[in-house]
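Undergrad: Per this note's numbering, the very first residue in the sequence shown carries number 86; after that it's consecutive.
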Amino acid sequence: MNTPSSLTHPAEALILAKVAQAVQQSLQRLRLMVFDVDGVLTDGKLWYGENGEIFKGFHALDGHGLRLLNESGIKVAIVTGRESAIVSRRSAELGISIVHQGVRDKLALIQEIAQQQHITLSEIGYMGDDLIDLPTMQRVGFAASVPNAPSYVSQRAHWVSCLPGGQGAARECCDLILAARGRLGHYINGLSLKSPAAAQ
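(1) Would the segment 135 to 149 count as touching the segment 109 to 127 if we require 3 or more Cβ pairs under 8 angstroms?
(2) Under a Cβ-count criterion, where at least 16 other Cβ atoms within 10 Å of its own Cβ denotes burial, should Ser182 be classed as buried or exposed?
(3) Where does His271 sit, in a helix, a strand or coil, going by DSSP?
(4) Can the beta-carbon of Met222 be found closer than 8 angstroms to that of Ile159?
(5) Taking the C-alpha atoms as reference points, what is the distance between Leu263 and Leu154?
(6) Three or more beta-carbon pairs under 8 angstroms between the segment 89 to 108 and the segment 228 to 235, yes or no?
(7) Roughly how many angstroms separate the alpha carbons of Ser230 and Val164, rounded to a whole number?
(8) May I ask you to report which of helix, strand or coil DSSP gives Ala284?
(9) When the Cα atoms are used, what is the spatial distance from Gly213 to Thr205?
(10) From His203 to Arg116, what does the alpha carbon distance come to, in whole angstroms?
(11) Can you list, in chain order, the residues of its chain whose CB lies under 7 angstroms from that of Pro249, leaving out five sequence neighbours each side?
In structure tokens form, the structure reads like this:
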């Protein structure tokens, strides 16, 4: 498991300053981070044309955060109650292979994933925003939510992003996890050696 170094990067220290030590310890144990889609990776709006749903809006910052988690050794999964070819395409672009759509019992599915990955629920994080996400949020090691979620959902989370869903919330979550594991500073220092164009 990656653990934070004794010399914490200033950006990591800033991110972790208001995070309880117990939550930081949970983040250090994570081996899989699961994200809902509508309301978390998107703003929750559903755009329809005559032939059904035609597009969703994803934030580039979120996508890069998911990539960084994967690179750092934390597997990323997407589990959503809706079905959309757009989600499949975006997941493929980001190299995410654990993708489940049309899921009504998310907790049961994540328990199956845990068995398949040979990990425990305490080693799984989940970011959700609605009632369907609550059972999972109450069982995993780390539960995250967004400020535009219903209060009875966000109150059950260990951490709530400052940014709304679809507007960088997932990236905030990814940065938090990386900071708790002492990896965010590594990426910041690495990127600082590159030109702005190369870092896009």
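Cβ coordinates follow ideal geometry from the N, Cα and C atoms, glycine included.
TA: Taking the coordinates as given:
(1) Two segments are said to touch when three or more pairs of C-beta atoms, one from each, lie closer than 8 angstroms; by this definition the segment 135 to 149 touches the segment 109 to 127.
(2) The residue given as residue 182 occupies position 97 in the sequence shown. Label assigned to Ser182: exposed.
(3) On the sequence shown, position 186 is the one that residue 271 refers to. His271 falls in the helix class under three-state DSSP.
(4) Taking the first residue of the sequence shown as 1, we reach residue 222 at position 137. Taking the first residue of the sequence shown as 1, we reach residue 159 at position 74. The criterion of a C-beta distance shorter than 8 angstroms is not satisfied by Met222 and Ile159.
(5) As a first step, residue 263 must be located in the sequence shown, where it is residue number 178. As a first step, residue 154 must be located in the sequence shown, where it is residue number 69. In a straight line, the C-alpha of Leu263 is about 7 angstroms away from that of Leu154.
(6) The answer is no - the segment 228 to 235 does not touch the segment 89 to 108, with fewer than three Cβ pairs under 8 angstroms.
(7) For the purposes of this step, residue 230 is identified with residue 145 of the sequence shown, where counting begins at 1. For the purposes of this step, residue 164 is identified with residue 79 of the sequence shown, where counting begins at 1. Cα to Cα, Ser230 sits roughly 14 angstroms from Val164.
(8) In the sequence shown, counting from the first residue as 1, residue 284 sits at position 199. Because the pLDDT of Ala284 is 38, which lies under 50, any placement of that residue in the model is unreliable, and the question is left without a value.
(9) Translated into positions along the sequence shown, residue 213 becomes position 128. Translated into positions along the sequence shown, residue 205 becomes position 120. Rounded to the nearest angstrom, the gap between the Cα atoms of Gly213 and Thr205 is 19 angstroms.
(10) Here the question's residue 203 lines up with position 118 in the sequence shown. Here the question's residue 116 lines up with position 31 in the sequence shown. Here the C-alpha atom of His203 lies approximately 10 angstroms from the C-alpha atom of Arg116.
(11) Working through the sequence shown from its first residue, we reach residue 249 at position 164. Sequence-distant Cβ neighbours of Pro249 in its own chain, meaning closer than 7 angstroms and more than five residues away, are Asp128, Val231, Pro232 and Asn233.
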